[in-house]
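Trainee: The opening residue of the sequence shown carries number 550 in our numbering; numbering runs sequentially from there. Cβ atoms here follow ideal geometry from the backbone N, Cα and C, with glycine treated the same way. Treat the numbers as computed from the prediction; the structure is a model and nothing was measured.
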Amino acid sequence: MSNIDLALKDMMTIDGALGAAVVDYNSGMALGALGSSKALDLQIAAAGNTEVVRAKMRTIEQLGLNEGIEDILITLTNQYHLIRPLTGRKSKGLFLYLALDRGRANLALARHRLKSIEEDLEV
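#1: Under three-state DSSP, which class holds Ile672?
#2: What are the boundary residues of the alpha helix (DSSP H) that Thr599 is part of?
#3: What ranges does the alpha helix (DSSP H) occupy inside the stretch 621-672, keeping only unbroken runs of at least 4 residues that lie completely in it?
#4: Using 7 Å as the cut-off, classify the Cβ of Asp564 as near or not near the heavy atoms of the ligand ZN, replying yes or no.
#5: Three or more C-beta pairs under 8 Å: does that hold for the stretch 582-602 against the stretch 653-671?
#6: In terms of residue numbering, what span does the alpha helix (DSSP H) encompassing Leu557 cover?
#7: From what residue to what residue does the beta strand (DSSP E) around Leu614 run?
#8: If you draw a straight line from the alpha carbon of Tyr646 to that of Glu619, how long is it in whole angstroms?
#9: How big is the Cα-Cα spacing for Leu635 and Arg660?
#10: Using beta-carbon positions only, say whether Val572 and Asn598 come within less than 8 Å of one another.
#11: When the Cα of Arg682 is compared with those of Arg653, Gly577, His630 and Asp564, which residue comes out closest?
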């Protein structure tokens, strides 16, 4: 089992997880995806969230900020969508994506768990 598969399984154990993906934001393609919701197309989510990451990185560059993105939170009526760009030398250009059910998720714990999963992931 690959490291990506293990990371996806770990992400899906987070309370309220609806879907998880490891995404290449250069291509917009998911390297792996796992989900429990038929209403959430993870391939479309991967491509769409790639645009979000690219836009934020472009804005940071245009502002001349010497900052990196820790995570991006998108809050919907019934869901949280968490995006966490990977920072490892070999994983640059990738991000973790996690969709959560707002009614069942603990956002602080989910962010903490994503950080831990990122630290353990080797691509």
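Mentor: In short, the structure shows the following:
#1: The amino acid at residue 672 is misidentified as Ile; the sequence shows Val. Coil at Val672, not helix or strand.
#2: Looking at the DSSP string, the run of the alpha helix (DSSP H) that includes Thr599 is Leu591 to Gln611.
#3: As far as the stretch 621-672 is concerned, its whole alpha helix (DSSP H) runs of at least 4 residues are 656-669.
#4: With respect to the ligand ZN, the structure shown offers nothing to examine, as it has no ligands at all.
#5: Result no; under three Cβ-Cβ pairs closer than 8 Å.
#6: Per DSSP, Leu557 belongs to the alpha helix (DSSP H) from Asn552 to Met561.
#7: Under the DSSP assignment, Leu614 falls outside any beta strand (DSSP E); it carries neither an H nor an E label.
#8: Between Tyr646 and Glu619, the C-alpha separation is close to 13 Å.
#9: Cα to Cα, Leu635 sits roughly 13 Å from Arg660.
#10: Closer than 8 Å, so yes.
#11: As displayed, the chain neither begins before 550 nor continues past 672, which places residue 682 out of reach and without an answer.
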